[in-house]
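Reviewing the structure listed below.
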Amino acid sequence: MTDSAKPTLLVVDGHSLAYRAFYALPVDNFSTRDGQHTNGVYGFLAMLVNLIKAEKPTHIAVAFDTSRQSFRTREYTEYKANRSETPPEFAGQIPLLKECLAAMSITVLEKEDFEADDILATLATAGAAEGFDVLVCSGDRDTIQLVDDDVTLLYPNVQGVSQLKRYDREAVIERYKVPPEQYPDVAALVGETSDNLPGVPKVGEKTAVKWLTQFGSLDELLAQADTIKGVVGNNLREHIDDVRRNRALNRLLRDVDLPVVPADLAVRPIDAQAVRDIFARLEFRTLLPRVFDAVGVDAAAAPMSVAQAPAPTEPDAATLSSWLERADGEVGVTVTTLGGLPERIGLANGEDAVEVAWNEDTAAVLRPWFASAAPKVFCDAKSQVKALRRADAVVDALAFDVLIAGWLLRPSLPDKSLADLVESYLDEKLPESDPTQLVPEEEGATPGQLSWYALRVGDALRQKIPDRVSDLLTEIELPTLLTLADMELAGVAVSHQKLSTFSAELAARADGIAQDAYATIGHEVNLGSPKQLQQVLFDELELPKTRKTKTGYSTDAAVLADLQESNPHPFLSLLLQHREATKLRQIVESLDSAIGEDGRIHTTYVQTGSQTGRLSSTDPNLQNIPIRTEESKLIRAAFEVGAGYETLLTADYSQIEMRIMAHLSGDEGLIEAFNTGEDLHRFVGARVFGVEPAEVTPAMRTKVKAMSYGLVYGLSAFGLSKQLRIEQSEAKELMLEYFARFGAVRDYLRSSVEQARIDGYTETIFGRRRPFPDLASPNRVLRENAERAALNAPIQGSAADIMKIALLNIHAELGDAGLSSRVLLQIHDELVVEVAPGEWDAVERIVTSRMGDAASLTVPLDVQIGRGADWSEAGH
DNA sequence: AGCTGGACGTA
DNA sequence: CGTACGTCCAGCTG
């Protein structure tokens with residue numbers, strides 16, 4: 007424990023720790039694009055940052071050896087002569103490390119003819135005398151001798167430099183059985199192979215310690231060497247000069263003449279700009295915030311280099327045309343919009359940028375260019391593609407979308423905008439005007455400059471994206487993006503008439519239920535407030551306390567149903583009915599208000615909205631329209647076929663996740679289940695319960711179905727028992743029976759999590775990756791959550807991949823066939839298609855076959871088709 | 001006005 | 001102690 011009143015001096019042996027880091031970290035993962043290895047620098051700095059954060063030193067210095075030559079090699083030419091050549095991969099890293107330290111305003115010391123450890127010894131000695139707590143960080147065992155009441159040694163363990171062991175006086179005695187000042191005596195007797203200092207043969211630490219304890223000191227031992235019997239005694243006498251030499255050489259010098267004293271080493275503010283620059287050169291991204299954090303620099307406030315974005319010119323239509331002709335290679339594109347239509351267009355190639363207003367003249371030049379094969383790079387293309395399409399411009403050759411690429415690389419997000427990506431991948435700050443300032447100090451980037459940034463971010467991302475993920479982007483995500491743009495533009499026809507009628511009915515019903523509920527407890531209460539409900543249920547009605555939540559006790563539907571069973575009270579069922587009615591009313595009303603002038607709802611699909619590869623839907627969310635209850639049919643019935651079209655077609659994959667599970671696990675039983683055409687849950691139930699398929703009862707089928715679906719989510723026996731309301735022992739028995747029949751499923755699930763632990767990420771059938779750092783977490787909750795998510799990710803993600811492939815193939819084929827029917831909605835495993843008059847047969851064939859052949863698995867992909875004038879009729 | 005937690009809709 | 005989402009409301013903060 008350090009005395010907080012005393013200043014802390016940290017002195018580090020730069021060379022030895024960087025060298026350790028070099029061997030601890032894989033070179034391949036730490037190299038710049040131009041081939042400079044950086045693992046030693048990175049490992050050293052990561053360690054130093056951790057040290058600074060943990061120990062909060064007030065004074066710091068890092069010492070280096072100047073060369074292999076020192077006064078020791080002059081005294082004993084064989085000293086360290088056995089050291090192999092410094093690996094060339096390491097050689098260049100020391101100067102880079104020194105540059106980093108300089109940027110961090112950390113003093114670097116080295117002195118001709120002395121080793122770094124002598125500098126450490128001198129500073130430690132002086133520091134202790136001047137009232138510092140001293141921390142010595144070195145990978146050389148000779149520094150053990152420096153430990154005393156004021157000096158602590160931090161020594162790297164075998165794994166590398168991420169874990170440092172603290173050696174204070176007690177720790178040295180515990181580990182080496184001698185006090186620190188006597189350790190060099192032990193070392194002198196034993197010898198140090200790494201320094202090419204042979205010791206006494208057959209004498210190891212044990213013997214050395216025994217002798218020293220017996221004789222009290224090395225001098226006394228050597229003086230009485232004659233008294234020691236046996237072979238070791240002879241050896242000692244024969245090697246007594248070696249021991250004396252070793253002891254002389256391993257004594258660290260504590261009085262090296264240095265240009266600084268400890269007080270000069272006070273921590274100084276880092277040069278944030280210089281740190282950014284050198285880190286950018288070394289392509290360190292994650293280290294930067296850690297450094298800023300450790301030294302208490304506000305990263306946002308620290309200046310970040312703003313690369314000189316070219317000032318865009320504003321050409322006339324003719325000049326624009328020739329600019330586009332000259333621009334070979336990728337062109338960055340930014341379309342700003344006003345009221346859903348293009349307003350300004352910014353274009354950039356590698357060198358310069360142009361921007362123009364969207365008007366008749368420029369549009370005449372831009373339309374053919376957008377439709378051409380010239381490769382285009384966007385950031386978040388979908389909304390821009392839609393705006394262009396509204397202005398009769400079609401985008402082809404969409405080569406890259408930096409937002410989607412960033413998401414593929416890190417689906418857990420935070421990169422929601424170009425500004426985020428510029429920071430993450432270029433370590434630069436996108437010029438942004440402060441919206442809170444009336445007269446902004448800084449101009450925001452113009453569309454042309456945004457395009458220039460997008461292009462550069464695209465280059466940076468390309469370096470990072472694995473080939474398979476790059477294929478995923480090109481083959482699946484970008485075509486999907488264009489398909490989604492069309493679906494959003496089309497929208498889905500919804501009947502305001504039906505919704506408003508239903509909404510009024512639900513409102514009246516909810517009010518009635520509320521009144522009845524108030525009557526049962528004798529007063530009004532806000533039924534929508536969990537807090538007020540807790541008051542009523544647990545204080546007034548004195549019902550038993552339920553599951554705990556962060557802020558109190560749960561009042562959710564499952565809990566209320568349990569309560570109703572154990573402590574029936576009319577308030578409980580009325581509350582549940584009220585919840586149901588108000589929830590439906592909310593949904594109906596929000597849908598109603600989302601109907602546009604064209605009588606259709608246009609949702610927005612967020613392509614980067616999930617961590618698994620699924621889409622999400624917002625404003626409004628059309629992927630969670632109720633379906634389970636009778637009432638919800640009325641909502642779905644409001645989704646109708648639009649004017650000019652004949653009918654709606656729904657198509658959904660049946661049990662796609664279980665089929666993927668069968669494919670990935672290769673389980674013969676499960677594969678057979680899908681190939682026989684028997685009802686899946688009946689087939690599985692027959693196996694699990696050992697009966698004929700015809701004898702599987704509805705109860706058996708329910709259990710097996712819950713089990714099968716639960717598997718995909720990493721369900722436990724506890725969870726299964728809870729859901730099925732059966733004993734945990736029965737749930738456990740069920741799981742055992744299941745795995746006895748479908749063992750390969752269990753093997754697959756286990757091995758896929760193990761593989762993810764090794765790789766650090768999961769992968770879908772099509773190569774989509776999702777990182778799982780928490781699989782290595784020592785925190786059990788975090789780790790087990792990660793395990794379940796990792797179990798699910800390849801399955802859910804593969805299903806998402808397959809649906810995307812089906813969707814874009816259907817979209818393309820409908821277009822190619824010249825049909826006017828169009829896909830409107832995607833609900834994860836279901837598509838809703840609006841079918842034009844006379845096109846049913848063709849559309850049904852296309853949808854069925856493209857969904858069926860989207861992937862070739864060991865089991866068939868079964869597709870169910872529904873037909874009707876509205877979504878309720880068309881569903882099944 | 002903006003955020004969090006609880007609740008609940010979907011696959 | 002079952003994955004993946006989005007939205008609503010209440011109740012808190014500024």
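With this note's numbering applied, the first sequence corresponds to residues 7 to 882, in that order. Glycine included, C-beta positions come from ideal geometry on N, C-alpha and C. Given the structure is predicted, the values throughout are model-derived calculations rather than measurements.
- Message: Just to confirm, is the Cβ distance from Val565 to Thr552 under 8 Å?
- Response: yes
- CB-CB length for Ser327 against Val362, believed under 8 Å: Ser327 to Val362, Cβ: 11 Å. No contact.
- Message: DSSP three-state label for Arg873, please.
- Response: strand
- Message: Output needed for Pro63: all residues of its chain with C-beta closer than 6 Å, excluding positions within five of it in sequence on either side, in chain order.
- Response: Thr14 and Leu16
- Item | Pairwise C-alpha distance: Ser423 and Arg707 | 47 Å
- Message: For a test of the three-state rule: what should DSSP assign to Thr656, helix, strand or coil?
- Response: strand
- CA-to-CA distance, Glu736 to Pro536, given in whole angstroms: 34 Å
- Using 10 angstroms around the beta-carbon of Ser714, count the other beta-carbons present and answer buried if the total reaches 16, otherwise exposed. buried
- Task: Determine the direct distance from the alpha carbon of Phe645 to that of Ala499, and round the result to whole angstroms.
- Result: 6 Å
- In the DSSP assignment, find the alpha helix (DSSP H) that holds Thr14 and state where it starts and stops. Segment Thr14 to Asp19 is the beta strand (DSSP E) holding Thr14; no alpha helix (DSSP H) there.
- According to DSSP, is Gly145 helix, strand or coil? coil
- Message: Could you check whether Val383 and Glu336 sit closer than 8 Å to each other, using their CB atoms as the reference points?
- Response: yes
- Please report the Cβ distance between Trp877 and Leu597, rounded to the nearest whole angstrom; I am assuming they are in contact, meaning their Cβ atoms lie under 8 Å. About 12 Å separates the two Cβ atoms, so there is no contact after all.
- Query: Does the separation of the CB atoms of Trp375 and Leu330 fall below 8 Å?
  - Reply: yes
- Since Leu103 and Ala127 are thought to touch, with beta carbons under 8 Å apart, how far apart are those beta carbons, to the nearest angstrom? That belief does not hold up - the Cβ atoms of Leu103 and Ala127 are roughly 22 Å apart, past 8 Å.
- Query: Is the segment 266-276 touching the segment 92-107 in the sense that three or more CB pairs, one from each, lie closer than 8 Å?
  - Reply: no
- Cβ-Cβ separation, Gln802 to Glu663 (assumed contact under 8 Å), whole Å: 7 Å
- Message: Am I right that Val594 and Ile631 are in contact with their C-beta atoms under 8 Å? What's the rounded C-beta distance?
- Response: 10 Å between Cβ atoms; not a contact.
- Task: In angstroms with no decimal places, state the Cα-to-Cα distance between Asp248 and Arg172.
- Result: 31 Å
- Tell me whether Arg462 is buried or exposed, calling it buried when 16 or more other Cβ atoms sit within 10 Å of its Cβ. buried
- What residues in its chain sit with their C-beta under 7 Å from that of Ile125, if we drop five residues either side in the sequence? Ala69, Leu115, Lys117, Val262 and Leu264
- Query: CA-CA distance, Glu739 and Arg688?
  - Reply: 18 Å
- Task: Go ahead and label Thr120 buried or exposed: buried means 16 or more other beta carbons lie within 10 angstroms of its beta carbon, across all protein chains shown.
- Result: First, the residue type needs correcting, since residue 120 is Phe and not Thr in the sequence shown. With 16 or more other Cβ atoms within 10 Å, it is buried.
- Message: Please list the terminal residues of the continuous beta strand (DSSP E) segment that includes Asp492.
- Response: Careful: Asp492 lies outside any beta strand (DSSP E), inside the alpha helix (DSSP H) at Leu484 to Ala496.
- Residue burial classification, Val192 (beta-carbon count within 10 angstroms, cutoff 16): buried
- Taking His245 as the reference, which of Leu258, Ala67 and Leu195 has the closest Cα? Leu195
- Task: Pull up the distance between the alpha-carbon of Tyr611 and that of Leu549, whole angstroms please.
- Result: 44 Å
- Helix or strand or just coil, what does DSSP make of His65? strand
- As assigned by DSSP and simplified to three states, the class of Gly338: strand
- Would you kindly report the start and end of the unbroken alpha helix (DSSP H) that includes Arg243? Gly236 to Glu244
- Message: Just list the residues that DSSP pairs Pro945 with in beta bridges.
- Response: Lying before the first or after the last residue shown, residue 945 is absent from the chain, which here runs from 7 to 882.
- Quick one: grab the DSSP three-state call for Ala306. With a pLDDT of 47 at Ala306, under the threshold of 50, the modelled position of that residue is not reliable, and the figure given next carries that caveat. Correct three-state label for Ala306: coil.
- Provide the residue span of the beta strand (DSSP E) that contains Phe36, from first to last. Premise fails: Phe36 is in no beta strand (DSSP E) and is neither H nor E.
- Could you tell me if Phe724 is buried or exposed, where buried requires 16 or more neighbouring beta carbons within 10 angstroms of its beta carbon? exposed
- Query: So, helix, strand or coil for Arg274, using DSSP?
  - Reply: coil
- Query: In its own chain, which residues sit with a C-beta less than 6 Å from the C-beta of Leu686, not counting the 5 before and 5 after it?
  - Reply: Gln661 and Ala679
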